[in-house]
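Protein chains in written order, with our numbering: chain A, 1 to 115; chain B, 1001 to 1115.
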């Protein structure tokens, strides 16, 4: 089972460039989310989705866009990269709340550097 | 709003000894899940243990157990017979149900296991 697949694993961008971080899951999970991890800050929620066509903002949404056209995919778009977006990004998916044995499955993470 | 607080940025333990990591949370949800995740140097997020808030019995998974104090909004993780492989970052997280489906993390505790 592939689980949650994130691409790329590493990326270097120049300030002002745009890019999309890809996230796909093959577990038919309704809930997907994006986090950024910075030293001493834990994982902070950027955007999340409870199903296809539904997205909402998390704690740190500025500078990022998401869409959820299918259950499987939840891409994260950086519109105009800034050095402050240098971070490790994680995608996660889980069965919708209310189901037993709920847990979040994580991708391997993307280390993004903006220069 | 959901918040999760881990007050111990770093902890250390001798191999074979027991260590307890602290976590407090705040949520307006009447029902929710609580989790402890482990992040080794590989960066992969690994579920350690899960607690459903409506269950009074503390969850256990082999050497890992929790002390869930619902009234105090406390959710500590106890690691017994610590092993070198337990060295990692540990994150406490909460997931609300039925109103806030956000999975919110604390800032983490770095656990060092000394031989």
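Every residue gets a Cβ at the ideal spot worked out from N, C-alpha and C, and that includes glycine.
Since the model is a prediction, treat every value here as computed from it, not as a measurement.
- So which residues of chain B does residue 22 of chain A contact, with C-beta pairs closer than 8 Å? Numbered from its first residue, the first chain carries residue 22 of chain A at position 22. Within chain B, no residue comes near residue 22 of chain A; the closest Cβ sits about 17 Å away, beyond 8 Å.
- Contacts that residue 1047 of chain B makes with chain A (C-beta to C-beta distance below 8 Å): One-based indexing of the second chain puts residue 1047 of chain B at position 47. The contacting residues are 103 and 104.
- Consider the Cβ of residue 1091 of chain B: report whether some Cβ of chain A lies at a distance smaller than 9 Å. In the second chain, residue 1091 of chain B corresponds to position 91, counting from 1. So yes, residue 1091 of chain B belongs to the interface.
- On a CA-only basis, which of A/6, A/18 and A/60 is nearest residue 115 of chain A? Give me that one, please. Numbered from its first residue, the first chain carries residue 115 of chain A at position 115. The candidate whose alpha carbon is nearest that of residue 115 of chain A is A/18.
- Within chain A, the residues that residue 1035 of chain B reaches when beta carbons sit closer than 8 Å: The residue labelled residue 1035 of chain B in the question sits at position 35 within the second chain. What residue 1035 of chain B touches in chain A: 103 and 104.
- Item | Cβ distance (whole Å) where residue 1020 of chain B is taken to contact residue 1084 of chain B below 8 Å | The sequence position of residue 1020 of chain B within the second chain is 20, counting from 1. The sequence position of residue 1084 of chain B within the second chain is 84, counting from 1. At roughly 19 Å, the Cβ-Cβ gap does not stay under 8 Å, so residue 1020 of chain B and residue 1084 of chain B are not in contact.
- Between residue 74 of chain A and chain B, is there a C-beta pair that is closer than 9 Å? Locating residue 74 of chain A in the first chain gives position 74, counting from the first residue. By this cut-off, residue 74 of chain A is not an interface position.
- Item | Local Cβ density within 10 Å of residue 1027 of chain B, reported as buried at 16 or more and exposed below that | Taking the second chain and counting its residues from 1, one reaches residue 1027 of chain B at position 27. Buried, because 16 or more other Cβ atoms sit within 10 Å of the Cβ of residue 1027 of chain B.
- Can you say whether residue 1054 of chain B is buried or exposed, counting buried as having 16 or more other CB atoms within 10 angstroms of its CB? Translated into the one-based positions of the second chain, residue 1054 of chain B becomes position 54. Burial call: exposed.
- Report the residues of the region 64–91 of chain A with a CB closer than 8 Å to any CB of chain B, ordered along the chain. 88 and 90
- Return helix, strand or coil for residue 87 of chain A, following the three-state DSSP convention. Counted from its first residue, the first chain places residue 87 of chain A at position 87. The answer is strand: DSSP assigns residue 87 of chain A an E or B state.
- Task: Within the same chain, show all residues whose beta-carbon is closer than 7 Å to that of residue 1073 of chain B, passing over the 5 residues directly before and after it, in chain order.
- Result: On the second chain, position 73 is the one that residue 1073 of chain B refers to. Excluding residues within five positions, the ones whose Cβ falls inside 7 Å are 1024, 1025 and 1026.
- Interface partners of residue 1051 of chain B on chain A, CB under 8 Å: Indexing the second chain from 1 puts residue 1051 of chain B at position 51. The contacting residues do not exist; residue 1051 of chain B stays about 11 Å from chain A at best.
- Message: Is the beta carbon of residue 1080 of chain B closer than 9 Å to that of residue 1034 of chain B?
- Response: Here the question's residue 1034 of chain B lines up with position 34 in the second chain. Here the question's residue 1080 of chain B lines up with position 80 in the second chain. No. Outside cutoff.
- Query: Using the rule of at least 16 other Cβ atoms within 10 Å of the residue's Cβ for burial, across every protein chain shown, is residue 54 of chain A buried or exposed?
  - Reply: The count along the first chain starts at 1 and reaches residue 54 of chain A at position 54. So residue 54 of chain A counts as exposed.
- Item | Contact with chain B by residue 45 of chain A, beta-carbon distance below 9 Å | Within the first chain, the letter at position 45 stands for residue 45 of chain A. With 9 Å as the cut-off, residue 45 of chain A counts as an interface residue toward chain B.
- Message: Quick check on residue 1046 of chain B: buried or exposed, where buried means 16 or more other Cβ atoms within 10 Å of its Cβ?
- Response: Taking the first residue of the second chain as 1, we reach residue 1046 of chain B at position 46. Label assigned to residue 1046 of chain B: exposed.
- Query: Closest by CA to residue 74 of chain A, which one among A/83, A/2, A/20 and A/84?
  - Reply: As a position in the first chain, residue 74 of chain A is number 74, starting the count at 1. When each option's Cα is compared against that of residue 74 of chain A, the closest is A/20.
- Query: Is there at least one Cβ from chain A nearer than 9 Å to residue 1063 of chain B's Cβ?
  - Reply: Numbered from 1 along the second chain, position 63 holds the residue referred to as residue 1063 of chain B. It does not; no Cβ of chain A falls within 9 Å.
- Message: To the nearest angstrom, how far is the alpha carbon of residue 81 of chain A from that of residue 1086 of chain B?
- Response: Along the first chain, read from residue 1 onward, the residue named residue 81 of chain A stands at position 81. Along the second chain, read from residue 1 onward, the residue named residue 1086 of chain B stands at position 86. The straight-line gap from Cα to Cα measures roughly 36 Å.
- Coarse secondary structure for residue 79 of chain A, derived from DSSP in three states: Numbered from its first residue, the first chain carries residue 79 of chain A at position 79. Note: residue 79 of chain A maps to coil in three-state DSSP.
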